[in-house]
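Accompanying notes for the structure given below.
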Amino acid sequence: MPELNLLAILLVVALIVLWKLDFLATLLTLKNLKPELPEEFRGVWDDEKYLKSQSYEKAQAQFGVFSSISSLTILLAFWFFGGFGWVDGLVGELGYGKIGTGLSFIGLVYLGFWLSSLPFDLYHTFVLEERFGFNKTTAKTYIIDQIKSHFLTAILGGGIVALILWIFDSVPNAWVWAWLSFTAISLALTYLAPSFLLPLFNKFTPLEDQELNEAIQSMAVKCEFPLTEISVMDGSRRSSKSNAFFTGFGKRKKIALFDTLIESQTTDELVGVLAHEIGHFKRKHIVQ
Numbered sequence: 168m169p170e171l172n173l174l175a176i177l178l179v180v181a182l183i184v185l186w187k188l189d190f191l192a193t194l195l196t197l198k199n200l201k202p203e204l205p206e207e208f209r210g211v212w213d214d215e216k217y218l219k220s221q222s223y224e225k226a227q228a229q230f231g232v233f234s235s236i237s238s239l240t241i242l243l244a245f246w247f248f249g250g251f252g253w254v255d256g257l258v259g260e261l262g263y264g265k266i267g268t269g270l271s272f273i274g275l276v277y278l279g280f281w282l283s284s285l286p287f288d289l290y291h292t293f294v295l296e297e298r299f300g301f302n303k304t305t306a307k308t309y310i311i312d313q314i315k316s317h318f319l320t321a322i323l324g325g326g327i328v329a330l331i332l333w334i335f336d337s338v339p340n341a342w343v344w345a346w347l348s349f350t351a352i353s354l355a356l357t358y359l360a361p362s363f364l365l366p367l368f369n370k371f372t373p374l375e376d377q378e379l380n381e382a383i384q385s386m387a388v389k390c391e392f393p394l395t396e397i398s399v400m401d402g403s404r405r406s407s408k409s410n411a412f413f414t415g416f417g418k419r420k421k422i423a424l425f426d427t428l429i430e431s432q433t434t435d436e437l438v439g440v441l442a443h444e445i446g447h448f449k450r451k452h453i454v455q
């Protein structure tokens, strides 16, 4: 076992503190789950659906605790027993240069931790989500998603890591320039992802329901929300859950609705959901 220096000890403490905070948040979630439907919702919400939602939240929280404990244990064991040093020695013998060696190191570590997390991801998708009737992901879709995700990680993530490594190797005040570069790339990806990355995984089509379209547009005007586009995403390919999200910057905002949301909600209900989300935007809750 390698000797621990002060930085290593601080990193271990930070990891454990972050994990304990997440663990405490999960315990609070479990504690606040109530099997009985609150009096305020009786006659409005179905008792059976409420009980199912509570059971799902409990199962999710318990799985989250187990998977996070396992991940932390694997990470610390790999670290304490010299795993990072072994990988460093392995890639150092390849003679790829500083940037190539750094990319090889991060790539191998990423591969190892992906393999260690794969059983948990498979269980969550095909067992836990399936048990509660949410999973619609086929084995084929799952495999294709994994291939696409890792390809994008290799291209985008590898490019970002290579840039950061080059900055630290060649540029004065490297921390400042690395931070500025990473921040700029993150903002660019936030803007570009809905248009260029998400369509690699999902199909987006214009909202054809004119009644719903007009209702959403009218609500956006009343809320002074600069809506420029409404699209429908085929979320039902992977899950029966419903969702919606906003994208865009400045005066060019777009709304994407899951097809499951349109199928499960009336026009008034759906407009109410979007009004709630716009409220978060107007109140700047995301920034806070």
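Numbering (my numbering), first residue to last: 168 to 455.
Glycine is no exception: its CB is placed at the ideal position from the N, C-alpha and C atoms.
Uninterrupted alpha helix (DSSP H) stretches at least 4 residues long and entirely within the region 295–337 occur at 306–319, 325–337, given in chain order.
Looking from the CA of G256, the closest CA among A244, L242, S271 belongs to S271.
With a cut-off of 8 angstroms on Cβ pairs, the region 182–193 is in contact with the region 223–237, counting three or more such pairs.
Judged by DSSP secondary structure, P373 falls within the beta strand (DSSP E) whose first and last residues are 371–373.
Its chain contains I327, I331 as the residues whose beta carbon lies nearer than 8 angstroms to that of F349, once the 5 sequence neighbours on both sides are disregarded; these appear in chain order. Annotated three-state conformation of E381 is helix, per DSSP. Annotated three-state conformation of S406 is strand, per DSSP. T414 is bridged by DSSP to K421.
The C-beta separation of S409 from L374 comes to about 15 angstroms, leaving the pair out of contact by the 8 angstroms criterion. For S222, the uninterrupted alpha helix (DSSP H) run begins and ends at 214–247, by DSSP. If you look at E260, you'll find it isn't in any alpha helix (DSSP H); DSSP assigns it neither H nor E. Taking every protein chain shown into account, the CB of P339 has fewer than 16 other CB atoms within 10 angstroms, so this residue is exposed. Following the DSSP letters along the chain, one finds L285 in no beta strand (DSSP E) but inside the alpha helix (DSSP H) bounded by residues 264–290.
At a Cβ-Cβ threshold of 8 angstroms, A228 and L197 count as neighbours. Looking at the backbone, the Cα of Q377 and that of S385 are separated by about 12 angstroms. Distances from the CA of K420 to each of P286, F412, D426 were compared; the closest alpha carbon is that of F412. Take Q221, set aside five residues on each side of it, and the residues of its chain with a beta-carbon closer than 8 angstroms to its own are L200, K201, P202, in chain order.
Taking 8 angstroms as the upper bound for CB-CB distance, T268 and V254 are not in contact here, some 11 angstroms apart.
For T395, the enclosing beta strand (DSSP E) starts and ends at 394–400. Between T434 and L379, the C-beta gap is smaller than 8 angstroms, which places the two residues in contact. Take the alpha-carbon of S353 and the one of E215: they are about 43 angstroms apart.
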